[in-house]
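Asks: Mapping to my numbering: the sequence shown position 150 is 305, numbers consecutive.
Beta carbons: idealized from backbone N, C-alpha and C, even for Gly.
If you're wondering where the values come from, they're calculated on a predicted model, not measured in any experiment.
Here's a structure for you.
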Amino acid sequence: MKFWKFASFARIPISTKNSIAGYLFILPFLLGFVWFFMKPIIESLIYSFSSFQNTATGFKTSWIGWSNYQYIFLKDATFAPELLQTVLKILLDFPLILIISFLAASLLNQKFKGRAFARAVFFLPVIITSGVLLNFEQNSMILLTKSAVDPNLIADAGGGNFFSYNLYNFLTSSKLDMTLVDYVLEAVNEIYTLITLSGVQILIFLSALQTIPPSLKEAAHIDGATGWEFFWKITFPMVSPFIVVNLVYTIVDSFTRPTNKIIITINKNMFEKANFGISSAMGWSYFVVILVLMGIVTAIMSRGVHYEN
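Shown next as structure tokens:
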């Protein structure tokens, strides 16, 4: 009997076994989602179409249809502009985060003495960074810069320090478009923040780079391939699925960051003003925007993904 069961299992295709293993892997999440989160999600959706009245017996809800959504988009003066600013900010930031994390992972993947120590040192800012340390550093940099450089010059260069000012002069003298100049300056001024947001992405890219067999590099070297050709024809195609994974993670992480203006606005309406209907409508609108944006970006990026068969 045991042999028959083993033989039956052995005849199952490997693709089916992988599917079963995948479902078993996500089963704890699915059970936790249904048990703990499904009811609050459904209730919040109902709340977004309801109004609340504080009575002697507690809150009383009444169905008002799309009124909450009409209010946040047509009457609220802050939600729609903040939503647009948040989306544009994330669209500008996530390419930089992916590029920085991939470059850092490529550097940490090289073989050199003290590589383990270098990895530990590199991840220290990611691990120990807190809001207090970040604010302290930013304030100190601002004070030092203002004491050394004319504030008007700093304002013209987009804020920052001597390096930003010199970079501004270099880029403008190169006759580059001012939109590109402002984008580069903003990226340089926020490099510390971008690095601290790249920790998980670096780990994912590092694991992706380590999956590339050394035999491929040896074969490419024997065939006379340069490092540039090896990167575009072997390295980049093999890590492309991980780029999509990091893309999804970066977008979700950026949209759900506690310092996000929309998150702060939703929490303020929920906990300070007790506008449960308004805050629920804001939350669901925000969720739909995240879903649509992530679907569009992922669909575009997935076209260039190479999967090993």
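Can you check DSSP and say which residues form a bridge with W218?
Replies: Paired residue(s): S205.
Asks: Threshold first: 4 residues or longer. Then list the alpha helix (DSSP H) segments lying entirely within the stretch 340-420, N to C.
Replies: The stretch 340-420 contains these whole alpha helix (DSSP H) runs: 346-351, 354-364, 369-377, 382-385, 391-410.
Asks: Taking the straight line between their C-alpha atoms, what separation do you get for I219 and F397?
Replies: Distance between the alpha carbons of I219 and F397 is about 44 Å.
Asks: Output the boundary residues of the alpha helix (DSSP H) element that contains W190.
Replies: Counting along the chain, W190 falls outside any alpha helix (DSSP H), and DSSP gives it neither H nor E.
Asks: How is I167 classed by DSSP in three states: helix, strand or coil?
Replies: Coil.
Asks: How many Å lie between Y202 and Y226 at the Cα?
Replies: Each residue's Cα considered, the two are about 14 Å apart.
Asks: So, helix, strand or coil for D248, using DSSP?
Replies: Correct three-state label for D248: helix.
Asks: Give me, in chain order, the residues of the same chain whose beta-carbon lies closer than 6 Å to that of E292; leave out the 5 immediate sequence neighbours on both sides.
Replies: With a pLDDT of 46 at E292, under the threshold of 50, the modelled position of that residue is not reliable, and the figure given next carries that caveat. Once the five neighbours on either side are set aside, E292 has no close Cβ partner at all.
Asks: When the Cα of A436 is compared with those of S261, N223, L185, which residue comes out closest?
Replies: Of the candidates S261, N223, L185, the one whose C-alpha sits nearest the C-alpha of A436 is N223.
Asks: Could you name the residues of the same chain whose beta carbon sits closer than 8 Å to that of G459, not counting the 5 residues immediately before and after it, in chain order?
Replies: So the qualifying residues of the chain are S395.
Asks: Taking Cβ to Cβ, would you say V399 is nearer than 8 Å to S457?
Replies: Result yes, Cβ atoms of V399 and S457 sit closer than 8 Å.
Asks: Spatial neighbours of A200 within its chain, please: CB distance less than 8 Å, with the 5 preceding and 5 following residues excluded, ordered by chain position.
Replies: The residue asked about is misnamed: residue 200 is Leu in this sequence, not Ala. The answer, listed in chain order, is S435, W439.
Asks: Indicate the three-state DSSP secondary structure (helix, strand or coil) for R458 in the structure shown.
Replies: Looking at R458 - three-state DSSP - the assignment turns out to be coil, as it is neither helix nor strand.
Asks: Just checking, does the stretch 359-374 make contact with the stretch 413-428 on the three C-beta pairs under 8 Å criterion?
Replies: Contact between the stretch 359-374 and the stretch 413-428 is absent, because fewer than three Cβ pairs lie under 8 Å.
Asks: Would I252 and L186 be called neighbours here (beta carbons separated by less than 8 Å)?
Replies: No, the pair does not count as a contact, with Cβ atoms beyond the cut-off.
Asks: Using DSSP with H/G/I as helix, E/B as strand and the rest coil, what is G269?
Replies: The answer is coil: DSSP assigns G269 none of H, G, I, E or B.
Asks: Among the residues of its own chain, which have a CB less than 6 Å from the CB of I433, if the five just before and after it don't count?
Replies: Result list for I433: N223, N424, in chain order.
Asks: Can you have a look at T212 and say buried or exposed, based on whether 16 or more other CB atoms are within 10 angstroms of its CB?
Replies: Per the 10 Å Cβ criterion, exposed.
Asks: Whose CA, out of P392, I359, P413, lies closest to the CA of N401?
Replies: For N401, the nearest C-alpha among the options comes from I359.
Asks: Are the Cβ atoms of A375 and I357 separated by less than 8 Å?
Replies: No, the Cβ-Cβ distance between A375 and I357 is not below 8 Å.
Asks: Please state whether the Cβ-Cβ distance between S409 and I245 is less than 8 Å.
Replies: For S409 and I245, yes; Cβs fall inside 8 Å.
Asks: Can you look up K172 in the DSSP assignment and give me helix, strand or coil?
Replies: Three-state DSSP puts K172 in a helix.
Asks: Report the rounded CA-to-CA distance for P392 versus M449, giving the unit in angstroms.
Replies: If I take the Cα positions, the gap works out to 21 Å.
Asks: Could you give the DSSP three-state label for K428: helix, strand or coil?
Replies: DSSP places K428 in coil when its eight states are reduced to three.
Asks: K266 to E237, Cα distance in whole Å?
Replies: Between K266 and E237, the C-alpha separation is close to 45 Å.
Asks: DSSP on N422, reduced to helix/strand/coil?
Replies: Three-state DSSP puts N422 in a helix.
Asks: How many angstroms separate the CA atom of D248 from the CA atom of Y441?
Replies: So the two alpha carbons sit approximately 18 Å from each other.
Asks: For T241, does the three-state DSSP call read helix, strand or coil?
Replies: In the structure shown, T241 sits in a helix (DSSP, three-state: H, G or I).
Asks: In whole angstroms, what separates the C-alpha of N131 from that of R166?
Replies: An answer regarding residue 131 cannot be provided, because it is not within the stretch 156 to 464 covered by the chain.
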